[in-house]
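Some notes on the structure that comes next.
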Amino acid sequence: MYVGRFVVVGPGIGAYRVSSRSFPNRQVVDRDDALTVGPTPDAPETDNPYIAYNCVREGGDYVVVGNGSQVDPIAEKLDLGYPPRDALAEILLALDYEKDDYDTPRIAGVVGDDEAFIGIVRKDALVVEAVSEPTLVATYEEDDPRAFDLDAETAADAARELYDHEFEHAVCAAAATVGDAVETAFYNGE
Ligand SMILES: NC(=O)c1ncn([C@@H]2O[C@H](COP(=O)(O)O)[C@@H](O)[C@H]2O)c1NC=O
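Add 907 to a position in the sequence shown, counting from 1, and you land on the number used in our numbering.
Now the structure itself:
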């Protein structure tokens, strides 16, 4: 099954995978204050505005994961002390779904050491929920949050677990854990 991009978040851990039919030549890079998805050096040029963005970034005591430019303003709201639910709802609603050929939803998660929130804005709905167990939401097909069996306990294992998941067209993955410190990791395949 092809679900496009997806996030999995639970208390203390969050992960994100890029799956892509149209833009497979992409990778995650570590840019000090964020993990960024972008084209590989050999990728064909494109003017699509939705394929390069920060996918993992700290905000306040939390880490934000997501599939587009919403990650930055959500993190900035958290830096200002907004409650995670409100930061997710406000920014997802403000930016809304992507205006591409698929009306691709924006998805995001906020991870704290003992709490987590997940959100999606689709053409027909805005959903923001607190979650107590690892929970998945994807851009296509799996676009309502549902429990996900995440075995990983480290960021490196979470990135690898999402990359290896059976959903089709894996491109790259990133993850973070939130405890006494934040750890991040990514995996771009072999
Ligand atoms: N975040 C991403 O990495 C991303 N990659 C592709 N998209 C959008 O989704 C559309 C469909 O892409 P695909 O066929 O790869 O699923 C693209 O035209 C683009 O507008 C993205 N936007 C949201 O998921």
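No residue lacks a Cβ here, since even glycine has one placed at the ideal position from N, Cα and C.
Q) From Y969, A922, T953, D1021, pick the residue whose C-alpha is nearest to that of F930; which is it? A) The residue given as residue 930 occupies position 23 in the sequence shown. Of the listed residues, the one whose Cα sits closest to F930 is T953.
- Assign L985 to one of three DSSP states: helix, strand, or coil. Here the question's residue 985 lines up with position 78 in the sequence shown. In the structure shown, the three-state DSSP call for L985 is helix.
_Whole angstroms are fine: how far does the CA of V944 sit from the CA of E1048?_
Stepping through the sequence shown from its first residue, residue 1048 is reached at position 141. Stepping through the sequence shown from its first residue, residue 944 is reached at position 37. Cα-Cα distance, rounded: 22 Å.
What residue does the beta strand (DSSP E) around H1032 start on, and which one ends it?
Residue mapping note: residue 1032 aligns to position 125 of the sequence shown, counting from 1. The question names His, yet the displayed sequence has Ala at residue 1032. Taken as a continuous stretch (DSSP letters only), the beta strand (DSSP E) holding A1032 covers 1032-1038.
Cα-Cα separation, A1081 to A1063:
Position 174 of the sequence shown, counted from the start, is the residue given in the question as residue 1081. Position 156 of the sequence shown, counted from the start, is the residue given in the question as residue 1063. Between the alpha carbons of A1081 and A1063 lies a gap of roughly 8 Å.
Open item on the list: Pop quiz: A1083 and G921 are said to be a contact at Cβ under 8 Å. What is the actual Cβ separation, rounded to whole angstroms?
Closed with: To locate residue 1083, count along the sequence shown from 1; it is residue 176. To locate residue 921, count along the sequence shown from 1; it is residue 14. Sure, about 5 Å apart at Cβ, within 8 Å.
### Task
Determine the extent of the beta strand (DSSP E) in which I998 is found, giving its start and end residues.
On the sequence shown, position 91 is the one that residue 998 refers to. Note, I998: premise wrong, no beta strand (DSSP E); alpha helix (DSSP H) at 991-1002.
*Which residues bound the beta strand (DSSP E) around Y894?*
Outside the displayed span of the chain (908 to 1097) sits residue 894, for which this structure offers no information.
Quiz prompt | Residue environment, K984, which counts as buried when at least 16 other CB atoms sit within 10 Å | solution = One-based indexing of the sequence shown puts residue 984 at position 77. K984 comes out buried.
> What are the residues that DSSP puts in a beta bridge with L942?
Replying inline: Numbered from 1 along the sequence shown, position 35 holds the residue referred to as residue 942. For L942, which the question treats as bridged, DSSP gives the partners D937, V963.
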